[in-house]
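Here is the structure we will look at.
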Amino acid sequence: MEPFPDPLAFPEPAEPEYSLHLYITGATPNSTRAVRNIKEICELHLKGRYELVIVDIYQQPELAQQEDLIGVPTLIKRRPGLVRRLVGDLSDHDRVLKALGIMRLPDDL
Amino acid sequence: MQAQNPAAASALPKLPKSPTGIEGLDEITEGGLPLGRPTLICGSAGCGKTLMGIEFLVRGIQEFNEPGVLMAFEETVPELAANVASLGFDLKNLQAQKLLRVDHVHVDRSEIEETGEYDLDGLFIRLGYAIDSIGAKRVVLDTIEALFSGFPNQAVLRSEIRRLFRWLKDRGVTTVITAERGDGSLTRQGLEEYVSDCVILLDNRVIDQITTRRLRIVKYRGSTHGTNEYPYLITEDGISVLPVTSLRLEHEVSDQIDSSGIPALDEMFGRRGFYHGSSVLITGTAGTAKTTLGASFARKICQEGKRCLMFVFEESPQQLIRNMRSVGIDLAPFIENGLLHIEASRPTLNGLERHLVTIHRLVKELDPYAVVIDPITNLISVGNMAEVRSMLTRLIDFLKVSNITAVFTALVNTGVGRAEMTEEGVSSLVDTWVSVRDLEGVGERNRGLSILKSRGMAHSNQVREFIVTDHGIELLDVVIGPTGIVTGASRLTQQLAEHAQDLAAHQEAERRDRELERRRRVLEANIANLRTEFESVEEELRQITTHEQTRHQTLQSGKQRIAAANPPIQNPPAANPSGE
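And the structure:
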């Protein structure tokens with residue numbers, strides 16, 4: 001779906017480095033936690049370098065098929081690098097960071 | 001949708017069912033799958049689980065006007081469409097008409113990272129959206145266990161799948177879930193069979209190098225169902241399930257008589273032929289003209305302007321026609337005018353069930369008046385005895401129920417197994433049993449025909465010799481020799497001897513006649529002699545009498561003359577001669 005980003009052209013100034021889409025189902029506990037978690041992670045590690053879209057698939061059910069969603073919540077990382085799908089409420093920060101390809105900040109260690 | 005079972009309205013409400021439209025399956029399930037509930041179809045690879053699911057959807061759309069959703073976890077939409085196109089299911093077109101929605105769910109472990117708690121709401125929403133968008137009544141989830149390979153958290157999955165089944169029930173859609181068969185359990189996860197209301201097990205077995213597919217309903221909550229294993233086939237028209245026997249022995253019977261095509265054979269039956277709709281078995285050893293008997297019957301049916309269907313497992317149609325022509329049975333014209341259809345196939349070409357399906361299909365298509373199967377014993381090479389028997393039972397049942405006269409030929413060998421097969425397996429099912437056999441005499445074989453049984457009519461008890469002439473089969477008159485009925489050369493000898501005897505007797509009679517005639521003539525000659533003798537004696541006597549009278553008269557007249565001339569006292573001189 002997404003064209004593979006050209007490494008030479010990277011980073012493109014017009015677009016933020018990280019493009020994240022979070023698909024949730026209304027205000028279920030999992031969804032709420034996921035929203036909180038992703039916001040936290042982004043603010044902590046990707047400040048100013050990301051774009052986060054939160055989609056409620058109750059509102060747009062057609063997207064469920066389009067995005068091939070099964071488990072909810074799902075976070076799809078569209079950029080940079082390969083598209084990754086993260087299923088769950090994102091409470092396992094280590095796995096989230098690893099999957100997003102973010103190096104931990106020294107002060108976190 | 002609720003009005004599918006009108007008979008149930010009066011009594012207690014029966015479980016509403018959703019007919020599948022799959023041939024035979026609705027019969028076994030007594031109406032279809034449980035309406036608005038999930039049904040599991042499980043089986044090992046290559047059983048046709050997906051196909052059955054798709055057929056359920058497509059038939060639902062085409063025959064019952066119920067739109068459907070297919071959620072495929074394993075195959076992509078184009079793949080599925082291509083796979084079922086050969087069965088005449090046009091998924092693309094159905095999708096375009098908004099009667100079908102196909103959603104391929106791609107599950108890839110490598111793409112999915114679990115980062116905490118989650119549920120499968122994504123799937124629910126997708127499904128819900130698909131159902132709502134076309135108003136679907138039927139849903140097929142093709143191999144839901146694919147989820148287990150993508151999501152490592154089994155506990156979540158299991159509870160979510162339970163929730164999914166519940167949710168589907170609440171939505172009131174009739175759902176079919178397919179699952180791979182596990183070791184020792186119906187499914188790999190051992191989950192789906194407990195949450196489904198109906199479980200259909202598909203099985204693919206290879207026995208003696210021949211594959212048979214079988215279907216069994218393991219459970220059906222709230223309904224009775226056929227419990228046997230039913231063979232099923234994947235044919236050009238989809239899945240076809242064959243109930244082992246649908247015969248309840250309540251078929252209509254006919255009083256009409258069908259001729260066997262051989263007048264002399266008809267004579268042997270009390271009512272001059274077979275009852276219409278009965279089954280006739282012709283058994284015999286090799287080369288006893290079983291096929292010829294079958295072909296004569298077929299010709300007779302066609303001559304009467306009725307349709308006949310012949311299944312031959314030994315010869316090609318051309319060969320059969322040529323061979324039958326040599327004995328004066330010309331089948332070619334009937335093939336040309338469409339009254340006769342010859343379906344030839346090698347028995348080993350298909351499994352037994354497939355043969356049965358072919359026969360079913362052709363019988364339904366052509367609606368024949370009579371069917372000839374030559375020979376049924378060849379099918380043994382395909383299956384084992386029990387299978388062949390059950391297949392034949394079903395076949396005979398089917399033909400009887402359809403009120404079609406059926407003639408089967410069967411080869412009987414002197415070997416152990418096969419003779420029993422015929423005797424035990426089929427003969428009790430057939431109504432008429434004609435046996436043809438070799439009557440082996442001194443240095444020759446002759447063909448003998450007898451009727452072993454004929455239900456509902458008297459029949460001859462004689463073994464009739466018959467010969468195959470260039471104008472068909474001819475039964476010969478019974479010839480009785482000194483030791484019983486004789487055949488072949490003995491018959492000819494007997495006939496010659498009888499002829500010679502006749503001749504001798506005839507000659508003897510003639511001789512006697514001649515003798516009599518001669519004697520008569522001799523006697524007559526004697527009589528004539530005697531008569532002549534008598535006549536001469538008579539003549540002589542008459543002459544003497546005449547002379548006497550003449551003399552007497554002369555004497556008298558002389559005396560008068562003398563008396564007149566002389567006085568009476570004078571002695572007459574002529575008195576002396578008269579006294580001599």
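Same order as they appear, the protein sequences are chains Y and W.
Numbering follows the UniProt record's numbering, with no gaps: position 27 of the first sequence is 27.
Numbering follows the UniProt record's numbering, with no gaps: position 517 of the second sequence is 517.
The beta carbon of each residue, even a glycine, is placed where N, CA and C say it ideally should be.
No experiment lies behind these values; they were computed from the predicted model shown.
Residue-chain proximity (residue i, chain W), Cβ-Cβ < 9 Å
i                 : result
ALA27 of chain Y  : no
SER91 of chain Y  : yes
ILE102 of chain Y : no
LEU46 of chain Y  : no
VAL35 of chain Y  : no
LEU75 of chain Y  : yes
VAL96 of chain Y  : yes
VAL83 of chain Y  : yes
Residues that residue i contacts on chain Y, provided the C-beta gap is smaller than 7 Å
i                 : result
HIS106 of chain W : ASP68
ASP121 of chain W : THR25, VAL72
ILE200 of chain W : Correct list: empty, because the minimum Cβ distance to chain Y is about 26 Å.
TYR118 of chain W : ASN30, GLY71, VAL72, PRO73, VAL87, GLY88, ASP89
Three-way DSSP call (helix, strand, coil) for residue i in this model
i                 : result
LEU90 of chain Y  : coil
HIS459 of chain W : strand
ASN446 of chain W : strand
SER296 of chain W : helix
VAL412 of chain W : coil
MET103 of chain Y : coil
ARG214 of chain W : strand
GLU117 of chain W : coil
GLU420 of chain W : Here the model assigns GLU420 of chain W a pLDDT of 47, short of 50, so the residue's position is not dependable, and the following value carries that caveat. Helix at GLU420 of chain W.
ALA179 of chain W : strand
ASN526 of chain W : helix
PHE269 of chain W : strand
ILE61 of chain W  : helix
PRO317 of chain W : helix
SER133 of chain W : helix
CYS47 of chain W  : coil
ALA563 of chain W : helix
ASP26 of chain W  : helix
PRO34 of chain W  : strand
Residue-level contact to chain Y via CB, residue i, 9 Å cutoff
i                 : result
GLY184 of chain W : no
THR115 of chain W : yes
ILE125 of chain W : yes
GLY150 of chain W : yes
LEU147 of chain W : yes
ASP142 of chain W : no
ASP170 of chain W : no
ASP103 of chain W : yes
GLU420 of chain W : Its pLDDT being 47, under 50, GLU420 of chain W is placed unreliably in this model, and the value from its coordinates should be taken loosely. Output row for GLU420 of chain W: interface = no.
Inter-residue spacing [alpha-carbon to alpha-carbon] between residue i and residue j
i                 : j                 : result
ILE76 of chain Y  : THR227 of chain W : 49 Å
THR20 of chain W  : ILE28 of chain W  : 11 Å
ILE373 of chain W : SER86 of chain W  : 30 Å
MET103 of chain Y : CYS42 of chain Y  : 13 Å
ASN43 of chain W  : ALA370 of chain W : According to the sequence as given, residue 43 of chain W is Gly; it is not Asn. For GLY43 of chain W and ALA370 of chain W, the distance between alpha carbons rounds to 39 Å.
GLN95 of chain W  : LYS364 of chain W : 32 Å
GLU17 of chain Y  : GLY81 of chain Y  : 10 Å
SER254 of chain W : LEU320 of chain W : 31 Å
MET52 of chain W  : ILE239 of chain W : 7 Å
VAL96 of chain Y  : GLY88 of chain Y  : 10 Å
THR292 of chain W : GLN494 of chain W : 28 Å
GLN543 of chain W : THR554 of chain W : 16 Å
Residues that residue i contacts on chain W, provided the C-beta gap is smaller than 9 Å
i                : result
GLN59 of chain Y : Result: empty, since nearest Cβ-Cβ is about 10 Å, beyond 9 Å.
ARG79 of chain Y : Those do not exist, as ARG79 of chain Y stays about 16 Å from chain W at its closest Cβ, beyond 9 Å.
Listed by chain order, chain W residues near residue i by CB distance under 7 Å
i                : result
LEU20 of chain Y : Per Cβ cutoff of 7 Å: no residues; LEU20 of chain Y is ~13 Å from chain W at best.
ASP86 of chain Y : Correcting the residue type first, residue 86 of chain Y is Leu in the shown sequence and not Asp. Chain W residues near LEU86 of chain Y: GLU113, THR115.
Closer than 9 Å to chain A by CB, residue i
i                : result
GLY43 of chain W : Given the protein chain composition of this structure (Y and W), no chain A is represented.
Beta-bridge pairing of residue i - partner residues as DSSP gives them
i                 : result
MET310 of chain W : W:ILE342, W:VAL372
GLY71 of chain Y  : Looking at the DSSP assignment, GLY71 of chain Y forms no beta bridge with any residue, so it has no partner.
PHE466 of chain W : W:ARG447, W:LEU475
TRP167 of chain W : Answer by DSSP bridge pairing: none, since TRP167 of chain W is not bridged.
ARG221 of chain W : None, per the DSSP bridge assignment.
ASP103 of chain W : W:MET71
ASP258 of chain W : W:PHE274
GLY238 of chain W : W:THR235
Proximal residues of chain Y, C-beta to C-beta of residue i below 8 Å
i                 : result
GLY128 of chain W : PRO61
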